[in-house]
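Following: one structure in structure tokens, then a few remarks.
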Amino acid sequence: MNNAIKGVPWEQCRGIETTDVNDYLILIQAPIEKVAQAISQVRQVVVWERDVYEHEIEILAYGFIIFQFRGHSWTVISQASSIGYSVTLDEEDAQSLSNLLHTKAICYLISDTGLKIGYKFYNCNELLEELYFTSEIEGEFDDEYEEEEEEDDDTKIEGTYHFQSHLRQLNAKDIENPYVFTDTFLREQDAYVPAFFHRCYLSLGQRITMRLGGLKHEDLERMDYLVLT
Numbered sequence: 004m005n006n007a008i009k010g011v012p013w014e015q016c017r018g019i020e021t022t023d024v025n026d027y028l029i030l031i032q033a034p035i036e037k038v039a040q041a042i043s044q045v046r047q048v049v050v051w052e053r054d055v056y057e058h059e060i061e062i063l064a065y066g067f068i069i070f071q072f073r074g075h076s077w078t079v080i081s082q083a084s085s086i087g088y089s090v091t092l093d094e095e096d097a098q099s100l101s102n103l104l105h106t107k108a109i110c111y112l113i114s115d116t117g118l119k120i121g122y123k124f125y126n127c128n129e130l131l132e133e134l135y136f137t138s139e140i141e142g143e144f145d146d147e148y149e150e151e152e153e154e155d156d157d158t159k160i161e162g163t164y165h166f167q168s169h170l171r172q173l174n175a176k177d178i179e180n181p182y183v184f185t186d187t188f189l190r191e192q193d194a195y196v197p198a199f200f201h202r203c204y205l206s207l208g209q210r211i212t213m214r215l216g217g218l219k220h221e222d223l224e225r226m227d228y229l230v231l232t
């Protein structure tokens, strides 16, 4: 695990915090204010609350938390409601935001219960690289990939791979470990995918004071709350 709880400041965290979650995130390489404004242009935003960290908010339908760590160039978009696991921002939105802001965007998918991981990487509207992996062996990844790496196990992880890239000459069969591969890709992009929203339960209609263990207000450039129709 690579986060501030283990002594690494949030400002320095890169790569994947943990694979032991089910999550879907969009990352945009732009300041949070510009990302929020761009979301308002590509989708209808009915609520936009700025700087909500350590303040009370009400969790509404189709709500999203967007945040930017201090010292990071990427803004992260994360669903704020755990009801139904529905995603209202998807890869088409990420591509539109990439085009509108003339920047990079990453759609990131992880499922420890579904044994899946993947990403799509855009730059200025163009899809440059994508990876999708799903395991066919139930229970193969009960532990985090870091533990496998520590064991120095070079055995290829079996499953279904899909990989395409305009950035490098590489085939899906060349990827030994999709978890390590994705972590390395994110580090190369200077990006970080945290998992701290999985340490709290958010439900529709709930009023909460937005606080997350180990995260201080000064660790963030800002955190905003957006609700879409």
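Going by our numbering, the sequence shown runs without a break in its numbering and finishes at 232.
By construction, the Cβ of each residue, glycine as well, lies at the ideal position given by its N, Cα and C atoms.
Could you tell me the boundaries of the alpha helix (DSSP H) in which Leu-44 lies?
The question names Leu, yet the displayed sequence has Gln at residue 44. Boundaries of the alpha helix (DSSP H) harbouring Gln-44: 35–45, taken from the DSSP string.
Whole-Å CB distance - Ala-194 paired with Thr-21, under 8 Å assumed
Distance from Ala-194 to Thr-21 at the Cβ level is roughly 15 Å; contact not present, criterion being Cβ atoms closer than 8 Å.
Skipping 5 residues on each side, what residues in its chain have a beta carbon closer than 8 Å to that of Arg-73?
Trp-13, Glu-14, Glu-221, Asp-222, Leu-223 and Glu-224, listed in sequence order.
Kindly indicate which three-state DSSP category Gln-167 falls into: helix, strand or coil?
Looking at Gln-167 - three-state DSSP - the assignment turns out to be strand.
Could you tell me which of Phe-136, Phe-70, Ile-109 and Gly-10 sits nearest to Gln-192, measuring between CA atoms?
Of Phe-136, Phe-70, Ile-109 and Gly-10, the residue nearest in Cα terms is Ile-109.
Which class does Asp-115 belong to by DSSP, given the choice of helix, strand or coil?
Residue state for Asp-115 is assigned as coil, using DSSP reduced to three classes.
If His-105 sits next to Tyr-135, beta carbons under 8 Å apart, how far is it from one beta carbon to the other, in whole angstroms?
About 26 Å; that fails the 8 Å criterion.
List the whole-angstrom C-beta distance separating Thr-91 from Lys-119, where the pair is believed to meet the contact cut-off of C-beta under 8 Å.
Their Cβ separation, rounded to whole angstroms, is 20 Å, which puts Thr-91 and Lys-119 out of contact at 8 Å.
Tyr-125 and Thr-185 look like a contact to me (Cβ under 8 Å); what is the Cβ gap, rounded to whole Å?
Actually they do not touch by this definition, with Cβ atoms about 16 Å apart.
Around the Cβ of Lys-107, are there at least 16 other Cβ atoms within 10 angstroms (buried) or fewer (exposed)?
Lys-107 should be labelled buried.
Can you tell me the Cα-Cα spacing of Ala-64 and Thr-158, whole angstroms?
Taking the CA atoms as reference points, Ala-64 sits about 44 Å from Thr-158.
Euclidean distance between Cα positions of Ile-19 and Asp-54:
Just so you know, the alpha carbons of Ile-19 and Asp-54 end up roughly 25 Å apart.
Quick one: Cα of Asp-23 to Cα of Gln-44, how far?
Rounded to the nearest angstrom, the two C-alpha atoms are 34 Å apart.
Considering only C-alpha positions, which residue in the set Leu-231, Leu-229 and Leu-218 is nearest to Gly-10?
Checked all of Leu-231, Leu-229 and Leu-218; the closest Cα to Gly-10 is Leu-218.
Considering Cα atoms alone, identify which of Tyr-182, Leu-207 and Glu-52 is closest to Asp-115.
Asp-115 has its Cα closest to that of Tyr-182, out of Tyr-182, Leu-207 and Glu-52.
To the nearest angstrom, how far is the alpha carbon of Ile-31 from that of Gln-82?
Separation of Ile-31 and Gln-82 (C-alpha to C-alpha, rounded to the nearest whole angstrom) is 15 Å.
Bridge partners for Ser-81 per DSSP, in chain order?
In the DSSP output, where bridge partners are listed per residue, Ser-81 has Leu-28 and Ile-68.
Are there 16 or more other CB atoms within 10 angstroms of the CB of Glu-153, so buried, or fewer, so exposed?
Any reading at Glu-153 needs caution, since the residue's pLDDT is 47, under 50, leaving its predicted position unreliable; the model's value is listed next. Counting Cβ neighbours within 10 Å, Glu-153 comes out exposed, since fewer than 16 surround it.
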